[in-house]
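Read in order, the letters of the sequence shown correspond to residues 349 to 762 in the working numbering.
We put the beta carbon where it would ideally sit given N, CA and C, even for glycine.
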Amino acid sequence: MSDYQLIGPFAQLLPMTNLGLKGPLSDDNLVVIKQAGILIKDNQILQVDNFEKLYKTSQPLHPALTKLNRPMVGLPGFVDAHTHICFGGSRAKDYAMRNAGKTYLEIAKAGGGIWDTVTHTRNETQDFLTKGIIKRATRHLANGITTIEVKSGYGLSVKAELKMLRAIQMASTKCTADLIPTCLAAHIFPKDFEGDIPAYLQEISEKLFPILQKEKLTNRIDAFIEEEAFSPDLIHPYLAKAKKMGFDITIHADQFHPSGSKVAVKHQAISADHLEASTSKEIDLLANSEVIPVALPGASIGLGCAFTPARRLLDAGTSLAIASDWNPGSAPMGDLLTQAAILGTFEKLSNTEVLAGITFRAAAALNLKDRGKFSKGNVADIVAFPVEDYREILYQQGQLKPIKVWKNGKDSLF
Ligand code: NIG
Ligand code: FE
349 MSDYQLIGPF AQLLPMTNLG LKGPLSDDNL VVIKQAGILI KDNQILQVDN FEKLYKTSQP
409 LHPALTKLNR PMVGLPGFVD AHTHICFGGS RAKDYAMRNA GKTYLEIAKA GGGIWDTVTH
469 TRNETQDFLT KGIIKRATRH LANGITTIEV KSGYGLSVKA ELKMLRAIQM ASTKCTADLI
529 PTCLAAHIFP KDFEGDIPAY LQEISEKLFP ILQKEKLTNR IDAFIEEEAF SPDLIHPYLA
589 KAKKMGFDIT IHADQFHPSG SKVAVKHQAI SADHLEASTS KEIDLLANSE VIPVALPGAS
649 IGLGCAFTPA RRLLDAGTSL AIASDWNPGS APMGDLLTQA AILGTFEKLS NTEVLAGITF
709 RAAAALNLKD RGKFSKGNVA DIVAFPVEDY REILYQQGQL KPIKVWKNGK DSLF
């Protein structure tokens, strides 16, 4: 069997290769190749071009031909750069209470909130958690998402965080999509911990961090900077230690109050996620840094809160990734394309800005340099929709589903 594969013709192909990491993107700059083909070697992109031309020039390589029998638009497989899809339990009761006007405190008093998910997650086996991740990642794959970040953060002890991260590692061996694990042991302070916040963070950094590296469970550390979670002052030593040990940093920032962006910039985080409460000050800080802002419209929709000021961020010169934040509390929907399309309508984002936000800019938010664009050498992750005009994809606001998804060059939709 040949190492080479030629797929096409696509009615339109969006290679995304000419687009920049930062700042506004106009649809006028979106390169659309008509009647296009993709030449793949093993699991990597070799070339994209006009299908007939590629067909002729690739004959000496004897590529296996995957002929598409209907019009399709193809683009790089989507990347969801922020999820919490490893969990036990449901928070349907929280959702109902919140929409009935109950406050955060009333919901917490009734046994809801993040702590409720911690209790359920601690009570589940690693195997149960693994199965839940596989189920959700499989649904994401059918929606064109070929790379999925997955956080821990509902364990909140060395033992329970390890169980979550081992479940994510186990799931990644069984999922077609790539799973990118992140340790969110600094999600909230566990109220059963015997000691104060600095003692908890010290225990995690001293006991858990070395195991994460030894077992290769993750190279990413996340922290929720918020009044009900961790303050900038208390989190600094924790993040400094993580950075010193070589972990990438990502931050839950400015969700309800501004402050996390500053922490993200100070610790040269790869990304700052949420930012619903960011003011001009935080936007300027981010614009003068290499930190990638990640909008999470699913959390705004789930909580009934304002959207991340995506337009203002881009106009200030930042990058912008868009992720689902899929979790049982604030973002139960878990439909990235629908959420990205909706964010686009409210924030007045071009098609190119939205699609960049779920492809190469999202890959950059995970520090992944080998995906999100059809560049030579990138992994051959491709999503195709059964339409002739790429603008149909966001216009149909998530109701148009992929007809084909290739992961590492393999047809993966069954
Ligand atoms: O990203 N903001 C904090 N953490 C999650 C919510 C988790 C939960 O409610 O279970 C988020 O929205
Ligand atoms: Fe989150």
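- Query: Would a C-beta distance cut-off of 8 Å place L549 and A534 closer than the cut-off?
  - Reply: Taking 8 Å as the cut-off, the beta carbon of L549 is found closer than this to the beta carbon of A534.
- Task: Return yes when the Cβ of A669 is within less than 8 Å of the Cβ of S626, no when it is not.
- Result: no
- With respect to 7 Å, is the separation between the Cβ of A671 and the closest non-hydrogen atom of ligand 1 below this value? no
- Query: Which full runs of the alpha helix (DSSP H) of 4+ residues lie inside the segment 467-530, going along the chain?
  - Reply: 474-490 and 506-522
- Query: Less than 7 Å between the CB of H488 and some heavy atom of ligand 2, yes or no?
  - Reply: no
- Message: Count Cβ pairs between the segment 354-363 and the segment 382-389 that sit closer than 8 Å; are there 3 or more?
- Response: yes
- Item | From D602, I573, D475 and A711, residue whose alpha carbon lies closest to that of K629 | If you compare the alpha carbons of D602, I573, D475 and A711 with that of K629, the shortest gap goes to D602.
- Task: Look at the alpha carbon of L453 and the alpha carbon of I462, and state the distance between them as a whole number of angstroms.
- Result: 12 Å
- So does G733 have its beta carbon nearer than 7 Å to some heavy atom of ligand 1? Note on residue identity: the sequence assigns Phe, not Gly, to residue 733. The answer is no for F733.
- Item | Cut-off 6 Å between Cβ atoms - residues of its own chain near A763, not counting five sequence neighbours on either side | Since the first and last residues shown for the chain are 349 and 762, residue 763 lies out of range.
- Query: Are the beta-carbon atoms of I597 and L582 separated by less than 8 Å?
  - Reply: no
- Task: Starting from the N-terminal side, write out each stretch of the alpha helix (DSSP H) that is 4 residues or longer and does not extend beyond the segment 667-753.
- Result: 684-695, 699-705, 708-713 and 739-743
- So, using beta-carbon positions, are L703 and L423 closer together than 8 Å? yes
- Message: In this structure, how does DSSP classify V613 when only helix, strand and coil are distinguished?
- Response: helix
- Message: Distance check for S505 and K539, CA to CA, integer angstroms please.
- Response: 11 Å
- Task: Go ahead and label F578 buried or exposed: buried means 16 or more other beta carbons lie within 10 angstroms of its beta carbon, across all protein chains shown.
- Result: It counts as buried.
- Message: If you measure between the beta carbons of A547 and I569, is that distance less than 8 Å?
- Response: no
- Message: For S672, tell me which candidate among I493, F722 and E576 has the shortest Cα-Cα distance.
- Response: I493
- Item | Separation of K401 from A689, as counted between CA atoms | Each residue's Cα considered, the two are about 34 Å apart.
- Query: In terms of residues, what are the limits of the beta strand (DSSP E) holding Q353?
  - Reply: Y352 to L361
- Let me know the beta strand (DSSP E) ranges lying completely inside the segment 422-476, each 3 residues or longer, listed in chain order. 426-428
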